[in-house]
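Chemist: Taken in order, the sequence shown gives residues 9 to 95; the numbers are from the working numbering.
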Amino acid sequence: MRARSFKPRKVNVVTLGCAKNIFDSEVMMAQLRANDYEVEHESKKDDAGIVVVNTCGFIEAAKQESIDTICRWAQAKEEGQVERVYV
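#1: In angstroms, rounded to a whole number, what distance separates the CA positions of Q39 and F66?
#2: Please state whether DSSP places K28 in a helix, a strand or coil.
#3: Using DSSP with H/G/I as helix, E/B as strand and the rest coil, what is T23?
#4: In the DSSP assignment, find the beta strand (DSSP E) that holds E68 and state where it starts and stops.
#5: If you measure between the beta carbons of V22 and V47, is that distance less than 7 Å?
#6: Using the Cβ count rule (16 or more neighbours within 10 Å means buried), how would you classify N20?
#7: Compute the Euclidean distance between the alpha carbons of Q72 and E91, then round it to the nearest angstrom.
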């Protein structure tokens, strides 16, 4: 396993679920930017040091998508593609 080079102050925010989550993600991204983080929203690239998955467990249809997305980013962390994953 070879660790990738990623930017530790770069955050990829992934938003799933309800419309409230979109608003919550926008607030979170604004706070991160105000603290000098480079922020991307739902980037497909694995060059961020941190991934935040903002998900909803109340909408039935979103549950499996949430599980799949969390597993995808957990695997990326295990492979050294990202440093941290927050849900």
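Backbone N, C-alpha and C fix where the C-beta goes; we use that ideal spot for every residue, glycine too.
These figures come from a predicted structure and were not determined experimentally.
Modeler: With the structure as the only source:
#1: For the purposes of this step, residue 39 is identified with residue 31 of the sequence shown, where counting begins at 1. For the purposes of this step, residue 66 is identified with residue 58 of the sequence shown, where counting begins at 1. Computed Cα separation, rounded: 25 Å.
#2: On the sequence shown, position 20 is the one that residue 28 refers to. Residue state, collapsed to three classes: helix.
#3: On the sequence shown, residue 23 is found 15 positions in, with the first residue counted as 1. Strand.
#4: Residue numbering aside, residue 68 sits at position 60 when the sequence shown is read from its first letter. Element bounds for E68: not the beta strand (DSSP E) but the alpha helix (DSSP H), 68-86.
#5: Within the sequence shown, the letter at position 14 stands for residue 22. Within the sequence shown, the letter at position 39 stands for residue 47. No, they are not a contact pair.
#6: Position 12 of the sequence shown holds residue 20. Burial call: buried.
#7: In the sequence shown, the residue the question calls residue 72 occupies position 64. In the sequence shown, the residue the question calls residue 91 occupies position 83. Straight-line Cα distance between these residues: approximately 24 Å.
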